[in-house]
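Trainee: Dropping a structure here in structure tokens format, bear with me for questions.
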Amino acid sequence: MEMFYELFRNRKKSIITIFSVSFLLRLIAILLLGEIHKPQMWEFGILARNLYNGIGYSFNILDFNETIYTPVVSAHMPPGLVYIFLFFYELFGINSVSYFSILLFNSILGSLSCVIIYLIAERIYDNRTAVLSGLFVAISPIFIFSTINYNSIIIYHLALGLIFLYFLKTYNEKSNLKNVILLSLSISLILYFRSEMQLLMILVAGAFLLKKKFVYCLLILIIPGILFLPWTYRNYIVFGTYIPTTTSFGVNFHIGHNDITNGSQWLNGTNNLPIYWTDKLGEKLKKLPIDDRLEINAGNLAIEEALSFIKASPGKDMINSVRKLFYLWIIDPNNSKSMNPLYILSWFVTLMLFIIGYIFSKKDKEISSKLKFINIYLLMMMAVVVVFFTISRYQIQMSYLMIPTAMYGLNKLFEKINKHKKNQKTADTKMLNKEKYYEKVS
0 MEMFYELFRN RKKSIITIFS VSFLLRLIAI LLLGEIHKPQ MWEFGILARN LYNGIGYSFN
60 ILDFNETIYT PVVSAHMPPG LVYIFLFFYE LFGINSVSYF SILLFNSILG SLSCVIIYLI
120 AERIYDNRTA VLSGLFVAIS PIFIFSTINY NSIIIYHLAL GLIFLYFLKT YNEKSNLKNV
180 ILLSLSISLI LYFRSEMQLL MILVAGAFLL KKKFVYCLLI LIIPGILFLP WTYRNYIVFG
240 TYIPTTTSFG VNFHIGHNDI TNGSQWLNGT NNLPIYWTDK LGEKLKKLPI DDRLEINAGN
300 LAIEEALSFI KASPGKDMIN SVRKLFYLWI IDPNNSKSMN PLYILSWFVT LMLFIIGYIF
360 SKKDKEISSK LKFINIYLLM MMAVVVVFFT ISRYQIQMSY LMIPTAMYGL NKLFEKINKH
420 KKNQKTADTK MLNKEKYYEK VS
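Residue 272 in numbering that gives the first Met the number 0 is what sits at position 273 of the sequence shown, and the numbering runs on without skipping anything.
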């Protein structure tokens, strides 16, 4: 191992190597496995296509394939990824060149996230842990395969890493205005891709409030609020009501609280239709007028149905909440991707090493204090799955920030093994010397 670490003594070379290895592996994955002809792009792709075709930011939650209903004005998904797709559509059109370019862009962002996790681990732990962390994210099949998906997980990792990095610089060290502004900008960025990150913003601001850094607390709330204002204002103009981020709260809340699933399946297992289309809520949704208030009315109906279920079956809902936490931390048997042996191995290795690293970290007061953001984020993720539902992507999201502590745990295991070998060698040497002594005496 010492020879391995010697190769990464130089910080600049380490960063370049980690980025290069990551980018090369992701490029190979795109060329071998990337779907660039008819990719599944979910709601993001539909919204981007409609924008490109001049229909506007429109979608129909009752018909993902738009074969029955016409699209209506939407705020179902945050706009960040949609406009990234649109950018490439405007450059190349809706074709394989655009799809390849999107995945190539993913590869660059994914490689940058490897560098960010290196910098985080270096700041919390040491160079060895930083090297292992950066390389692990660079070569892990789970993170590589994430690159060839058309969702927001890659830019989510990058933005989340930036938030963690600037949280460390602002919360745990002698901070300055520049770092708190960069922290606030990173939070602003992630809000454009994941609406639940509003909760993270509030929790981060709360951490600074408890530390009596009142100005920083206000900046963390005000700067993202201002930068996200254009989208909120757009929603107010088109819907005539205040919608801070998206209209999807209701249907997502219903997916996690209904009587035909267990809180981890958002698709019906028999026909792969969304849960909220196939239960009794679906019949009510079909009666709604197809107009600009469709998403708002659908969300209100979904909330009513979910609350009715919770009120009628509190015990079952409580069991489902516990089940969702189990699926988040252990494994979700309802998800075929989660049951992939490679995925199971990767997750459990990461989880076990994280637990070991976390235990060792808590023994060091200085290191332990730097895990504040990890604690905040994991708490937020548990709250999200209890309120909504869990999917395998959430484990990948969590594991990204867990990697530095997991690699610290791996380092500690190496140290224990090396120490044991050294002690054993010393003991063997002493025994050999003692035997030679007795032979000489006799």
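Backbone N, C-alpha and C define an ideal beta-carbon position, used for all residues, glycine too.
Here the structure is a predicted model, which is why all the values come from computation and not from measurement.
1) What did DSSP end up calling Phe347 once you bin it into helix, strand or coil?
2) If you check the beta carbons only, do Phe135 and Ile402 fall under 8 Å apart?
3) When you compare the CB positions of Leu159 and Tyr399, do they come within less than 8 Å of one another, or not?
4) To which residues of the same chain is Leu32 closer than 8 Å at the C-beta, ignoring the five residues directly before and after it?
5) Going by alpha carbons, who is nearest to Asn251 out of Phe213, Ala305, Lys279?
6) Who are the near neighbours of Asn9 in its chain, counting only those whose CB is closer than 7 Å to its CB and skipping five residues on each side?
7) Going along the chain, which residues of its own chain have a beta-carbon closer than 6 Å to the beta-carbon of His156, five neighbours each way excluded?
8) Under 8 Å, with one C-beta from each stretch per pair, do the segment 117-131 and the segment 7-24 reach the 3-pair mark?
9) Taking Lys336 as part of the alpha helix (DSSP H), name the residues at either end of that continuous run.
10) Let me check one thing: in DSSP terms, what residues is Val72 bridge-paired to?
11) Beta-carbon within less than 8 Å of Tyr241's beta-carbon, same chain only, minus the 5 sequence neighbours each way: which residues are those?
12) Check Gln394 in the structure and name its three-state DSSP category.
13) How is Lys364 classed by DSSP in three states: helix, strand or coil?
14) Quick check on DSSP: helix, strand or coil for Thr245?
15) Could you check whether the segment 413-421 touches the segment 292-299, counting it as contact only if at least three pairs of C-beta atoms, one from each stretch, sit closer than 8 Å?
16) Short check: CB of Ile222 to CB of Ser194, under 8 Å?
17) Give me, in chain order, the residues of the same chain whose beta-carbon lies closer than 7 Å to that of Thr269; leave out the 5 immediate sequence neighbours on both sides.
18) Secondary structure at Glu34, three-state DSSP: helix, strand or coil?
19) Could you tell me whether the Cβ atoms of Ser247 and Asn334 are closer together than 8 Å?
20) Using only CA atoms, which one of Asn175, Asp62, Tyr88, Ile152 lies nearest to Ala47?
21) If we ignore side chains and look at the alpha-carbon of each, how far apart do Ala405 and Asn299 end up?
22) Taking 8 Å as the cut-off, does the segment 87-102 touch the segment 25-40 (at least 3 CB pairs, one atom from each stretch)?
23) Can you tell me the Cβ-Cβ gap for Met381 and Leu327, rounded? I've got them flagged as a contact below 8 Å.
24) Rounded C-beta distance between Leu131 and Asn410? I'm assuming under 8 Å.
25) Comparing the CB of Asn333 with every heavy atom of the ligand ATP, is any distance shorter than 7 Å?
26) Given Ser106, which residues of its chain have a CB within under 7 Å of its CB, disregarding the five upstream and five downstream residues?
27) Residue range of the alpha helix (DSSP H) that His156 falls in?
28) Just to confirm, are Phe238 and Tyr149 a CB contact at a threshold of 8 Å?
29) To the nearest whole angstrom, what separates the beta carbons of Asn178 and Tyr165, a pair I think is in contact under 8 Å?
30) In its own chain, which residues sit with a C-beta less than 8 Å from the C-beta of Val386, not counting the 5 before and 5 after it?
31) Less than 8 Å between the C-beta atoms of Thr389 and Lys323, yes or no?
32) What did DSSP end up calling Tyr191 once you bin it into helix, strand or coil?
33) Take the Cβ of Ser368 as the centre, count every other Cβ of all protein chains shown within 10 Å, and call the residue buried at 16 or more, exposed below.
34) As a quick exercise: from Leu103, Pro77, Val72, Asn49, pick the residue whose alpha carbon is nearest that of Ile93.
35) Given that a residue counts as buried once 16 or more other Cβ atoms are within 10 Å of its Cβ, and exposed if not, what is Asp363?
Mentor: Let me lay it out:
1) Indexing the sequence shown from 1 puts residue 347 at position 348. DSSP places Phe347 in helix when its eight states are reduced to three.
2) In the sequence shown, counting from the first residue as 1, residue 135 sits at position 136. In the sequence shown, counting from the first residue as 1, residue 402 sits at position 403. Contact flag set, yes.
3) For this step, residue 159 is matched to residue 160 along the sequence shown. For this step, residue 399 is matched to residue 400 along the sequence shown. Yes, Cβ-Cβ distance for Leu159 and Tyr399 is below 8 Å.
4) The sequence position of residue 32 within the sequence shown is 33, counting from 1. Hits under 8 Å: Phe144, Ile147.
5) Your numbering for residue 251 matches position 252 in the sequence shown. The option with the nearest alpha carbon to Asn251 is Ala305.
6) Sequence index remark: in the sequence shown, residue 9 carries index 10 (1-based). No residues qualify anywhere along the chain.
7) Sequence index remark: in the sequence shown, residue 156 carries index 157 (1-based). The answer, listed in chain order, is Ser112, Tyr399.
8) yes
9) Numbered from 1 along the sequence shown, position 337 holds the residue referred to as residue 336. It is not in any alpha helix (DSSP H) - Lys336 carries neither H nor E in the DSSP assignment.
10) Reading the sequence shown from its first residue, position 73 is the one you call residue 72. Beta-bridge pairing links Val72 to Ser57.
11) What you label residue 241 is simply residue 242 of the sequence shown in a count that begins at 1. Contacts found: Thr231, Asn234, Tyr235.
12) On the sequence shown, residue 394 is found 395 positions in, with the first residue counted as 1. Here Gln394 sits in helix by DSSP.
13) Your numbering for residue 364 matches position 365 in the sequence shown. In this structure, Lys364 counts as helix in the three-state DSSP scheme.
14) Numbered from its first residue, the sequence shown carries residue 245 at position 246. Reduced to three states, the DSSP call for Thr245 is coil.
15) no
16) Within the sequence shown, numbered from 1, the residue matching residue 222 stands at position 223. Within the sequence shown, numbered from 1, the residue matching residue 194 stands at position 195. Going by C-beta atoms, Ile222 is not nearer than 8 Å to Ser194.
17) Position 270 of the sequence shown, counted from the first residue, corresponds to residue 269. In this prediction, Thr269 scores a pLDDT of 46, lower than 50, which makes its location untrustworthy; the coordinate-derived value is nonetheless stated afterwards. Once the five neighbours on either side are set aside, Thr269 has no close Cβ partner at all.
18) One-based indexing of the sequence shown puts residue 34 at position 35. Of the three classes helix, strand and coil, the one that applies to Glu34 here is coil, per DSSP.
19) Residue mapping note: residue 247 aligns to position 248 of the sequence shown, counting from 1. Residue mapping note: residue 334 aligns to position 335 of the sequence shown, counting from 1. Taking 8 Å as the Cβ cut-off, Ser247 and Asn334 do not qualify as a contacting pair.
20) The residue labelled residue 47 in the question sits at position 48 within the sequence shown. Among Asn175, Asp62, Tyr88, Ile152, the Cα nearest to that of Ala47 is on Tyr88.
21) Position 406 of the sequence shown, counted from the start, is the residue given in the question as residue 405. Position 300 of the sequence shown, counted from the start, is the residue given in the question as residue 299. Taking the straight line from one Cα to the other gives about 42 Å.
22) yes
23) Looking up residue 381 in the sequence shown gives position 382. Looking up residue 327 in the sequence shown gives position 328. The pair is a contact, with the Cβ atoms about 7 Å apart (cut-off 8 Å).
24) Within the sequence shown, the letter at position 132 stands for residue 131. Within the sequence shown, the letter at position 411 stands for residue 410. Rounded, the Cβ-Cβ distance is 7 Å, consistent with contact.
25) With respect to the ligand ATP, the structure offers nothing, as it holds no ligand at all.
26) The count along the sequence shown starts at 1 and reaches residue 106 at position 107. If we look at Ser106 and ignore the five residues flanking it on each side, its Cβ neighbours are Phe22, Arg25, Leu26, Ile29, Thr146.
27) Position 157 of the sequence shown, counting from 1, holds the residue named residue 156. Its alpha helix (DSSP H) spans residues 152-166.
28) Sequence index remark: in the sequence shown, residue 238 carries index 239 (1-based). Sequence index remark: in the sequence shown, residue 149 carries index 150 (1-based). Result no, Cβ atoms of Phe238 and Tyr149 do not sit closer than 8 Å.
29) Within the sequence shown, residue 178 is the residue found at index 179, counting from 1. Within the sequence shown, residue 165 is the residue found at index 166, counting from 1. Indeed they touch by this definition, with Cβ atoms about 5 Å apart.
30) As a first step, residue 386 must be located in the sequence shown, where it is residue number 387. So the list reads Phe252, Gly255, once near-sequence residues are dropped.
31) By one-based count along the sequence shown, residue 389 stands at place 390. By one-based count along the sequence shown, residue 323 stands at place 324. Yes. Within cutoff.
32) In the sequence shown, the residue the question calls residue 191 occupies position 192. Here Tyr191 sits in coil by DSSP.
33) Along the sequence shown, read from residue 1 onward, the residue named residue 368 stands at position 369. Classification for Ser368: exposed.
34) As a first step, residue 93 is located in the sequence shown; it is residue number 94 there, counting from the start. Per the Cα distances, Asn49.
35) Numbered from its first residue, the sequence shown carries residue 363 at position 364. Result: exposed.
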